[in-house]
Amino acid sequence: MNPQDTFEYDPQILARISSLKLQAMGLVEGILTGHHRSHHKGSSVEFAEYKDYTPGDEIRHIDWKVVGKTDKYHVKQFEQTTNLKCTILFDASGSMGYVSSHDRGLSKIDYARTLVAALSFLLLKQFDAVGLTLFNDKVVSHIPPRSKPSHFQHLLHGLASVEPGGVTRIQDVIGGLVERLPGRSMLILVSDLLTREKTLEHTLRLLRSRELEVILFQVLHPDEVSLPFAGDIVFESLEDDPSVGLDPLDVREEYRGEIQRQIAHYRIICESLGINYVFLETSTPLEQGLSYFLLKRKSQVKQ
Numbered sequence: 015m016n017p018q019d020t021f022e023y024d025p026q027i028l029a030r031i032s033s034l035k036l037q038a039m040g041l042v043e044g045i046l047t048g049h050h051r052s053h054h055k056g057s058s059v060e061f062a063e064y065k066d067y068t069p070g071d072e073i074r075h076i077d078w079k080v081v082g083k084t085d086k087y088h089v090k091q092f093e094q095t096t097n098l099k100c101t102i103l104f105d106a107s108g109s110m111g112y113v114s115s116h117d118r119g120l121s122k123i124d125y126a127r128t129l130v131a132a133l134s135f136l137l138l139k140q141f142d143a144v145g146l147t148l149f150n151d152k153v154v155s156h157i158p159p160r161s162k163p164s165h166f167q168h169l170l171h172g173l174a175s176v177e178p179g180g181v182t183r184i185q186d187v188i189g190g191l192v193e194r195l196p197g198r199s200m201l202i203l204v205s206d207l208l209t210r211e212k213t214l215e216h217t218l219r220l221l222r223s224r225e226l227e228v229i230l231f232q233v234l235h236p237d238e239v240s241l242p243f244a245g246d247i248v249f250e251s252l253e254d255d256p257s258v259g260l261d262p263l264d265v266r267e268e269y270r271g272e273i274q275r276q277i278a279h280y281r282i283i284c285e286s287l288g289i290n291y292v293f294l295e296t297s298t299p300l301e302q303g304l305s306y307f308l309l310k311r312k313s314q315v316k317q
């Protein structure tokens with residue numbers, strides 16, 4: 015792999031979040047020892063419950079204090095901590111390529127790339143497995159989940175290959191992937207959600223029915239939220255919509271209201287399904303937005 019073909023992220027952003035963790039909210043399955051609770055009973059980390067002693071149980075796990083009090087033999091069971099498998103779905107459709115002449119920080123696509131790099135960095139640091147799937151109306155490329163540290167370079171290579179184009183078909187892509195995603199794993203969707211699809215709720219319900227833990231990051235440029243332009247302008251679609259000529263002043267208030275309604279709608283849907291929804295404008299320092307989310311999530315993780 016040519017090092018020049020990897021995405022160049024700002025290492026300071028990763029340094030500022032390196033002390034944080036992205037933990038699973040529920041139970042997961044895995045092989046390596048990690049930070050997440052498994053539904054399997056083992057003997058590796060922390061006490062879970064008692065069970066009656068049966069022949070074949072390890073004598074060293076008998077709780078002799080309980081025996082002395084009850085005259086019955088009880089064996090301690092423990093919860094294993096295990097590694098997580100996470101697939102990151104990255105929207106590579108045309109609208110993700112929006113750029114503004116007024117950008118002083120990261121462009122929209124580079125903001126999203128850096129977000130994915132940061133999440134991947136945290137997961138790999140925890141010895142979790144992370145994979146990357148690029149999509150528009152179909153899967154563009156797929157890197158299977160791996161947990162070894164060197165896998166980070168493969169993910170950066172995948173991010174460098176992103177060339178925004180095509181239309182967004184979240185339902186079709188997830189519908190084709192869901193059967194191949196490991197059960198009790200995590201799926202992170204990074205998208206601007208600028209799509210004419212009306213079936214996002216159905217798609218998210220499908221993922222949750224498969225016992226997948228889902229995190230949804232919606233990334234928008236401030237221009238896409240506030241429509242700050244002035245004068246007669248021809249707006250050209252980055253996907254498949256026709257060009258439109260108008261004075262933004264005539265529609266600005268209605269447009270802003272509709273965007274806020276959509277954001278609120280996604281938030282309500284996700285909350286009802288037990289999904290973390292994170293809205294990020296590219297004007298928000300990424301480490302700030304990501305730190306806020308991770309710290310809030312940490313307080314919600316089942317202890």
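Using the working numbering, the first residue of the sequence shown is number 15, and each one after it goes up by one. We put the beta carbon where it would ideally sit given N, CA and C, even for glycine. In this text, all values refer to a predicted model and were calculated from it rather than measured experimentally.
Inter-residue CB distance, residue i and residue j (contact presumed, cutoff 8 Å)
| i | j | result |
| --- | --- | --- |
| F108 | E250 | Going by the sequence as given, residue 108 is Gly instead of Phe. Contact doesn't hold; Cβ gap of about 10 Å is too wide. |
| N97 | S32 | Going by Cβ atoms, the distance from N97 to S32 rounds to 19 Å, so no, they are not a contact pair. |
| Y112 | E272 | Not a contact, Cβ separation roughly 17 Å. |
| L148 | F104 | 5 Å |
| A132 | M110 | Not confirmed; about 17 Å, so no contact. |
| M39 | Q314 | 7 Å |
Proximity test, residue i beta-carbon vs the ligand GDP heavy atom, cut-off 7 Å
| i | result |
| --- | --- |
| H279 | Looking at this structure, you won't find the ligand GDP or any other ligand, since it has none at all. |
Member of the options whose CA lies at the smallest distance from the CA of residue i
| i | options | result |
| --- | --- | --- |
| A106 | F141, T182, D85, H165 | T182 |
| P158 | A143, E227, K152 | A143 |
| I283 | L218, S240, D237 | L218 |
| L221 | D237, P236, D246, E193 | E193 |
| G245 | E227, D261, A29 | D261 |
| G180 | L146, V154, V248 | V154 |
| Q276 | I76, D117, S199, E215 | E215 |
| F307 | L34, G190, P25, T20 | L34 |
| R10 | L120, L136, M39 | Because the chain is modelled from 15 through 317, residue 10 falls outside the range shown and cannot be assessed. |
| P236 | I27, T84, S121 | S121 |
| L394 | S164, G190, N150 | Residue coverage of the chain in this structure runs from 15 to 317, which leaves residue 394 outside it and unanswerable. |
| V265 | K79, Q26, T298, F243 | F243 |
| K152 | P163, L191, V80 | L191 |
| T298 | I289, R118, E285, S286 | R118 |
Check whether residue i and residue j have beta carbons under 8 Å apart
| i | j | result |
| --- | --- | --- |
| I184 | S134 | no |
| L300 | L138 | no |
| V233 | T296 | yes |
| Q37 | K212 | no |
| K303 | L294 | Correcting the residue type first, residue 303 is Gly in the shown sequence and not Lys. Yes, Cβ-Cβ distance for G303 and L294 is below 8 Å. |
| V292 | L230 | yes |
| L321 | Y280 | Residue numbering for the chain in the displayed model covers 15 to 317; residue 321 lies beyond these limits and cannot be assessed. |
| L146 | L195 | no |
| F21 | L263 | no |
| V228 | L201 | yes |
| H171 | D19 | yes |
| I247 | P178 | no |
| S257 | C100 | no |
| R224 | G189 | no |
Residues that residue i bridges to, as DSSP identifies them
| i | result |
| --- | --- |
| T101 | G145, L201 |
| R160 | V144 |
| Q314 | The partner list for Q314 (beta bridge, DSSP) is empty, contrary to what the question assumes. |
| S155 | L148 |
| Q167 | Note: Q167 sits in no beta bridge, so no partner. |
| T248 | Looking at the sequence shown, residue 248 is not Thr but Val. Looking at the DSSP assignment, V248 forms a beta bridge with G259. |
| V233 | L294 |
| V228 | L201 |
Closer than 8 Å to chain B by CB, residue i
| i | result |
| --- | --- |
| R219 | Protein chain content of the structure displayed is limited to a single chain, and chain B is not contained in it. |
Task: beta strand (DSSP E) segments (min. 3 residues) lying fully within the segment 256 to 299 - done: Counting only runs that start and end inside the segment 256 to 299, the beta strand (DSSP E) elements of at least 3 residues fall at 258 to 260, 290 to 295.
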